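**Student:** Please find one structure pasted underneath; my questions will follow.
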Amino acid sequence: MIPAIRGTHDILPGEVERWQRVEDVSRRLFERYGYAEVRTPVIEREELFAKGTGETTDIVQKEMYAFTDKGGERITLRPEATPSLVRAFVEHSLEQSMPVPKIYLFGPMFRYERPQKGRYRQFHQLDVEVFGISDPAIDAEVLDLAWALVTELGIANVELVVNSVGCPACRPAFSEALVKALGEDVGRLCADCQRRAATNPLRIFDCKVAQDQPLIDTLPHSTDYLCESCKAHFAAVERHLHVYGIPYRLSHRLVRGLDYYTRTTFEILAGNIGAQNAILGGGRYDGLVKQLGGPDRVGIGFAAGIERLVLAMPEEAGAHGRVPIFVASMGEAARDSGIALLRDLRRAGLEAHMEYEGRSIKSQMKRADRLKAAYALIIGDNELARGEVTVKNMRTSEQAQVPRAGILDYCRARVSGGQE
Ligand SMILES: [Zn+2]
Ligand SMILES: [Zn+2]
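All letters in the sequence shown, in the order written, are residues 1058 to 1477 by our numbering.
Set out below in structure tokens:
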């Protein structure tokens, strides 16, 4: 046996229904909010993420699957979706073809991290991005979409946390204030924080080391250092959140670990999946499109790990609403008639099964039980002669004779829902 690669996983029947539910619910929601799907390649030029995600981020420095291909090109398996979607937005001038460039993507991402429960090297994300709108109403709309998503998935104990990390005009003063507030104490922080203090002091807020927390809690807040326009923008985001009626909490520690965030940042936390409890995160990235060679357009979006959503969803969310029908037959002629019935049921939009190994009626009914069939349609010589089908309700064991000509209507009437 050749096992799967460490840090990857197969999504099997029994679990895949929960994945499909996440995809169905989010696809329907995204489209209601005016987003259109985009599918980009999983491989991109390495520089897209070096420039986009940020040269100094952990993702780019430690976690990328990057290699030189046979043509000598530096290639990366995408570690996140935003730079790819920005590239597609620019490369195909989506603002020309879409009245409002709102796009979403589902797909695998790749990061070389230490695998642990709920964290994989190939993991999956859903991602939405909207370009060209700086009005704070869109920030609130994106947050409303994120909130609607976790709500419709039935995820319990969720909390929305929001912050503003400012813009290139006001962030330097805040970074300076952080370094100044740390002063000599910077030497007491962990090695990562000391490095962050020198390269990107904001990221000190990402630190999870317990001993560092008391000191980090005393540091200044980004919202106290916003320039006038960032301050007004954030106040308007909050006002719009009240209009939407979404509960949220301000967290000055929410800076997100990537270079491109400006102004609004946010996460949705779920209380029921342990310590790593962010299930969705995003923010505004007003300089990124230009930085990647596009026009000067703002952007905002979020990503959610599908593995995490699936883990946080309630148990029953995986139950599919399917109602299988089983066709059982006795004898050669009845078998052919059964196959034709099987075809007709499927053409009529119903889930139908049959067993081909020609076993006894008893073993066929056992198979129907294992498939959790709602009805068994039985055809033997008698039924053939009368032009009928015997219908057995598998739950109540009641039987009825139904004319072959009316059997599709009979089944459809009883199995409605689920299939459409
Ligand atoms: Zn600012
Ligand atoms: Zn630290």
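Every residue, glycine too, gets a C-beta built ideally from N, C-alpha and C.
Computed from a predicted model, the values in this text were never measured in an experiment.
To the nearest whole angstrom, what separates the beta carbons of Arg-1341 and Tyr-1318, a pair I think is in contact under 8 Å?
**Tutor:** Right, their Cβ atoms sit about 7 Å apart.
**Student:** Does ligand 2 have even one heavy atom less than 7 Å from the beta-carbon of Val-1266?
**Tutor:** Checking every heavy atom of ligand 2 against the Cβ of Val-1266, one is found closer than 7 Å.
**Student:** Any contact of the segment 1119-1131 with the segment 1141-1155, i.e. 3+ C-beta pairs under 8 Å?
**Tutor:** They do not touch, by the three-pair rule.
**Student:** Can you tell me whether Ala-1213 is buried or exposed, with buried defined as 16 or more other CB within 10 angstroms of its CB?
**Tutor:** So Ala-1213 ends up on the exposed side.
**Student:** Counting only runs that start and end within the segment 1379-1440, where is the beta strand (DSSP E) found for 3 or more residues in a row?
**Tutor:** Runs found: 1382-1386, 1409-1411, 1432-1436.
**Student:** Please go through the same chain and pick out, in chain order, the residues whose beta-carbon is closer than 8 Å to the beta-carbon of Glu-1477, but skip the five residues on each side of it.
**Tutor:** Residue placement at Glu-1477 is flagged as unreliable, the pLDDT there being 37, under the threshold of 50; the coordinate-derived value follows with that caveat. Gly-1406, listed in sequence order.
**Student:** Per the contact definition of three or more C-beta pairs closer than 8 Å, is the segment 1384-1391 in contact with the segment 1435-1453?
**Tutor:** Yes, the segment 1435-1453 is in contact with the segment 1384-1391.
**Student:** Please enumerate, following chain order, all residues with a beta carbon closer than 5 Å to at least one heavy atom belonging to ligand 1.
**Tutor:** Result: Gly-1223, Cys-1224, Ala-1226, Cys-1227, Cys-1284, Cys-1287.
**Student:** Is DSSP giving Pro-1460 helix, strand or coil here?
**Tutor:** The answer is strand: DSSP assigns Pro-1460 an E or B state.
**Student:** Would you call Ile-1357 buried or exposed, if buried means 16 or more other Cβ atoms sit within 10 Å of its Cβ?
**Tutor:** Buried, because 16 or more other Cβ atoms sit within 10 Å of the Cβ of Ile-1357.
**Student:** When you measure from the CB of Asp-1115 to every non-hydrogen atom of ligand 2, does any distance come out below 7 Å?
**Tutor:** No; taking the cut-off as 7 Å, the Cβ of Asp-1115 has no heavy atom of ligand 2 nearer than that.
**Student:** Is the beta carbon of Trp-1076 sitting closer than 8 Å to the one on Ile-1325?
**Tutor:** Not closer than 8 Å, so no.
**Student:** Beta-carbon within less than 7 Å of Leu-1283's beta-carbon, same chain only, minus the 5 sequence neighbours each way: which residues are those?
**Tutor:** Ser-1221, Gly-1223, Cys-1227, Phe-1291, listed in sequence order.
**Student:** Any heavy atom of ligand 2 closer than 7 Å to the beta-carbon of Asp-1269?
**Tutor:** Because some heavy atom of ligand 2 lies under 7 Å away, the Cβ of Asp-1269 counts as near it: yes.
**Student:** Within the segment 1218-1267, note down every full beta strand (DSSP E) run reaching 3 residues or more, in order along the chain.
**Tutor:** Here no run is fully enclosed.
**Student:** What do you reckon, are the CB atoms on Lys-1159 and Gly-1211 nearer than 8 Å?
**Tutor:** Not in contact: Lys-1159 and Gly-1211 (Cβ atoms no closer than 8 Å).
**Student:** Indicate the three-state DSSP secondary structure (helix, strand or coil) for Pro-1172 in the structure shown.
**Tutor:** Reduced to three states, the DSSP call for Pro-1172 is coil.
**Student:** In this structure, does DSSP put Glu-1324 in helix, strand or coil?
**Tutor:** Three-state DSSP puts Glu-1324 in a strand.
**Student:** Could you give the distance in angstroms between the alpha-carbon of Leu-1246 and the alpha-carbon of Ile-1336?
**Tutor:** Cα-Cα distance, rounded: 28 Å.
**Student:** Between His-1278 and Val-1082, what straight-line distance do the alpha-carbon atoms span, to the nearest angstrom?
**Tutor:** Distance between the alpha carbons of His-1278 and Val-1082: 37 Å.
**Student:** Say yes only if the C-beta of Glu-1196 is nearer than 7 Å to one or more non-hydrogen atoms of ligand 2, and no if none qualify.
**Tutor:** Checking the sequence shown, residue 1196 turns out to be Asp, not Glu. For ligand 2, not one heavy atom lies less than 7 Å from the Cβ of Asp-1196.
**Student:** Verify the contact flag: Leu-1276, CB atom, against every heavy atom of ligand 2, threshold strictly below 7 Å.
**Tutor:** Answer for Leu-1276: no, Cβ out of range of ligand 2.
**Student:** Does the separation of the CB atoms of Leu-1276 and Leu-1307 fall below 8 Å?
**Tutor:** For Leu-1276 and Leu-1307, no; Cβs fall outside 8 Å.
**Student:** Helix, strand or coil for Gly-1358 per DSSP?
**Tutor:** Here Gly-1358 sits in strand by DSSP.
**Student:** One question on the structure: do Arg-1260 and Val-1312 come within less than 8 Å of each other, judged by their Cβ atoms?
**Tutor:** Cβ atoms of Arg-1260 and Val-1312: closer than 8 Å.
**Student:** Nearest to Gly-1302 by CA position, among Leu-1162, Arg-1131, Leu-1202, Ala-1431, is which residue?
**Tutor:** The shortest Cα separation from Gly-1302 among Leu-1162, Arg-1131, Leu-1202, Ala-1431 belongs to Leu-1202.
**Student:** Quick check on His-1181: does DSSP put it in helix, strand or coil?
**Tutor:** Strand, per DSSP.
**Student:** Any heavy atom of ligand 2 closer than 7 Å to the beta-carbon of Leu-1407?
**Tutor:** Every heavy atom of ligand 2 is 7 Å or more from the Cβ of Leu-1407, so no.
**Student:** Give me the Cα-Cα distance between Tyr-1467 and Ala-1360, rounded to the nearest whole angstrom.
**Tutor:** Their Cα atoms are separated by approximately 45 Å.
**Student:** If you run the structure through DSSP and keep just helix, strand and coil, what is Thr-1139?
**Tutor:** Thr-1139: helix per DSSP, three-state reduction.
**Student:** On the DSSP bridge list, what partners appear for Met-1166?
**Tutor:** DSSP output for Met-1166 lists Phe-1180 as bridge partner(s).
**Student:** Per the contact definition of three or more C-beta pairs closer than 8 Å, is the segment 1389-1398 in contact with the segment 1424-1440?
**Tutor:** Yes: the two stretches touch, three or more of their Cβ pairs being nearer than 8 Å.
**Student:** Bridge partners for Glu-1216 per DSSP, in chain order?
**Tutor:** According to DSSP, which records beta bridges pairwise, Glu-1216 is partnered with Leu-1326.
**Student:** Could you check if Gly-1129 is buried or exposed, using at least 16 other CB atoms within 10 Å of its CB as the buried criterion?
**Tutor:** That one is exposed.
**Student:** Taking DSSP as the reference, what is the three-state secondary structure of Pro-1060?
**Tutor:** Three-state DSSP puts Pro-1060 in coil, outside helix and strand.
**Student:** On the three-state DSSP scale, how would you describe Thr-1447?
**Tutor:** Reduced to three states, the DSSP call for Thr-1447 is strand.
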